[in-house]
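2 protein chains.
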Amino acid sequence: MATLSYSSGVTSKAGGASDRVRPLRADAERTVRAILEAAERVLGANPAATMEQIAEAAGVARTTVHRRFATREALIVAMTGWATRQFHDAVTAARPDATPPAVALYQVTANVLRVKIAWGFAMNALRTDDPEVAHVHTDVLDRCDRLFRRARDAGLLRPDVDLDWTRRVYYALIHEAAQDDRGEDADVLATRIVDTLLRGFGMPDGPSAR
Amino acid sequence: MATLSYSSGVTSKAGGASDRVRPLRADAERTVRAILEAAERVLGANPAATMEQIAEAAGVARTTVHRRFATREALIVAMTGWATRQFHDAVTAARPDATPPAVALYQVTANVLRVKIAWGFAMNALRTDDPEVAHVHTDVLDRCDRLFRRARDAGLLRPDVDLDWTRRVYYALIHEAAQDDRGEDADVLATRIVDTLLRGFGMPDGPSAR
DNA sequence: AGAAGATGCGTCACTGATGTTGCAAGTAAA
DNA sequence: TTTACTTGCAACATCAGTGACGCATCTTCT
Chain C
196 MATLSYSSGV
206 TSKAGGASDR
216 VRPLRADAER
226 TVRAILEAAE
236 RVLGANPAAT
246 MEQIAEAAGV
256 ARTTVHRRFA
266 TREALIVAMT
276 GWATRQFHDA
286 VTAARPDATP
296 PAVALYQVTA
306 NVLRVKIAWG
316 FAMNALRTDD
326 PEVAHVHTDV
336 LDRCDRLFRR
346 ARDAGLLRPD
356 VDLDWTRRVY
366 YALIHEAAQD
376 DRGEDADVLA
386 TRIVDTLLRG
396 FGMPDGPSAR
Chain X
196 MATLSYSSGV
206 TSKAGGASDR
216 VRPLRADAER
226 TVRAILEAAE
236 RVLGANPAAT
246 MEQIAEAAGV
256 ARTTVHRRFA
266 TREALIVAMT
276 GWATRQFHDA
286 VTAARPDATP
296 PAVALYQVTA
306 NVLRVKIAWG
316 FAMNALRTDD
326 PEVAHVHTDV
336 LDRCDRLFRR
346 ARDAGLLRPD
356 VDLDWTRRVY
366 YALIHEAAQD
376 DRGEDADVLA
386 TRIVDTLLRG
396 FGMPDGPSAR
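Line by line, the protein sequences give chains C and X.
In the numbering used here, each number is its position in the first sequence, counted from 1, plus 195.
In the numbering used here, each number is its position in the second sequence, counted from 1, plus 195.
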């Protein structure tokens, strides 16, 4: 499970070595979550939204937001960190190295979609300069690569596919499906994605002019 | 051909009915183009870039930018307008209604890719509330739809495809391919896109477990 | 109940970006 | 060459967003 592990409110400026992670009181933790979720909603609709708007959506005062997240930057970092952990969990939970490629592909897709739908803004605001984000990013990339290789060896993918392009298209399909306004179920979308990835939209045997 | 037809520098505030489109002097027109191109480059790298940075990249003073484009907003509108016209020309030039579906699909893809690569930021900043943009948008959407129907009827696409999802994936593939850093040729990318769209990455006859 | 913690509110300071104006110097076009 | 246009520069006004405090009040936890 992903934990909050948020850091640095306005008070911890001369932090130094005392950056102990003190547990939050119950109400404070609720507030932090409310802010993160509100930020996702508001920034998702308008990436240039102000702290004021985020605070309002979270049902707190703007100063409270600043108390929890020293700067706007810090808030975004916290969001991406949280989303990244969710993302990592989603991939891990699908056990992509342990199940048959077809199953893994479907499971990973569905799990990631759920996170992507709920944390779309944060997942797009990822900064590769953050060590945690970068680590998860490459880790997932590796697993994706391994999964595709297994899929290829199992005859699920053609032997001559460009794995890099395949991955990029796969990511793009997930991204596109996540934009679905009609609130489709993640499983339905995952099915569609995998089907599209594997078969495309053409006839099974190429153009029918044969 | 798309024309500049830029409007409203800082002076034309009480414009009224005298919004005659006076032709620009040669040097001024060069400046306008330089600003538009610089804006595309700079904003493409950092959407939050300042007018100052754009001006610098264009090799002019910030005040000159404001002389040509009263507000930042106006600059973006001009960019999207310009890009939109290029986009429309790109689609039209491919004659999607007149050539065989397979040819049209390839030509449209290649032409649009060229615009998308050069005007990526502007094409993403499109505002559907602008009448010109909205018109081109729906027009292209219609042509895309007709093209896909013809492709389906010609046996290029499966009879049961979801045309809406197909179009979204098509757009996403173009978008993804346009991000290619390696400066690949538009024709190469178009080939890859069409191939991916039609065949996906799986085996021709489905999973080989047959 | 009491202590520690959390929030709302009002307020202030600071910063960076935007948009405007006047003027002198340079450039295109007739 | 003359005229109209264009640009750079410097200065100015404005404004929105950000971040920081102190204090009174309320909540949580022990």
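In this text, a Cβ means the ideal position worked out from N, Cα and C, and glycines have one as well.
On a CA-only basis, which of the options is nearest residue i? Give me that one, please.
i         : options                                       : result
X/Arg-387 : C/Pro-399, C/Arg-363, C/Ala-250 and C/Pro-291 : C/Arg-363
X/Asn-241 : X/Arg-220, X/Arg-290, X/Ala-289 and X/Gly-315 : X/Gly-315
X/Val-335 : X/Trp-360, X/Asp-357, X/Thr-266 and X/Arg-290 : X/Arg-290
C/Asp-359 : C/Gly-378, C/Arg-338 and C/Glu-379            : C/Arg-338
C/Asn-457 : C/Gly-239, C/Leu-231, C/Gly-350 and C/His-330 : Past the edges of chain C, shown from 196 to 405, lies residue 457 of chain C, and the structure says nothing about it.
X/Ala-243 : X/Thr-258, X/Glu-268 and X/Leu-219            : X/Glu-268
C/Leu-219 : C/Thr-258, C/Arg-263 and C/Ala-253            : C/Arg-263
X/Asp-340 : X/Val-328, X/Asp-292 and X/Asp-376            : X/Asp-292
X/Arg-280 : X/Val-237, X/Arg-257, X/Val-383 and X/Val-328 : X/Val-328
X/Leu-270 : X/His-283, X/Thr-245 and X/Val-383            : X/Thr-245
Determine the extent of the alpha helix (DSSP H) in which residue i is found, giving its start and end residues.
i         : result
C/Phe-316 : 315-319
C/Glu-268 : 267-288
C/Pro-291 : Where C/Pro-291 is concerned, there is no enclosing alpha helix (DSSP H), given that its DSSP letter is neither H nor E.
X/Leu-358 : 358-373
C/Thr-226 : 221-240
C/Ala-253 : 246-253
X/Arg-263 : 257-263
Under the DSSP definition of a beta bridge, which residues are partnered with residue i?
i         : result
X/Gly-397 : C/Leu-352
Is the beta carbon of residue i less than 8 Å from the beta carbon of residue j?
i         : j         : result
X/Val-260 : X/Ala-229 : no
X/Asn-306 : X/Ala-285 : yes
X/Leu-342 : X/Thr-275 : no
C/Gly-397 : X/Arg-217 : no
C/Ala-385 : C/Thr-304 : yes
X/Asp-325 : X/Val-272 : yes
X/Leu-192 : X/Tyr-366 : Coverage of chain X is limited to positions 196 through 405, which leaves residue 192 of chain X absent and any answer about it impossible.
C/Ala-173 : C/Glu-235 : Because chain C in this structure spans residues 196 to 405, residue 173 of chain C falls outside the shown range and cannot be described.
C/Pro-399 : X/Asp-390 : no
X/Pro-402 : C/Leu-351 : yes
C/Arg-394 : X/Gly-378 : no
X/His-332 : X/Thr-323 : yes
X/Ala-233 : X/Ala-253 : yes
Is the stretch 368-384 of chain C touching the stretch 294-312 of chain C in the sense that three or more CB pairs, one from each, lie closer than 8 Å?
-> yes
For the stretch 293-300 of chain C and the stretch 339-356 of chain C, state whether three or more C-beta atom pairs, one from each stretch, are separated by less than 8 Å.
-> yes
How do the stretch 241-250 of chain X and the stretch 217-227 of chain X stand: do at least 3 beta-carbon pairs fall below 8 Å, yes or no?
-> no
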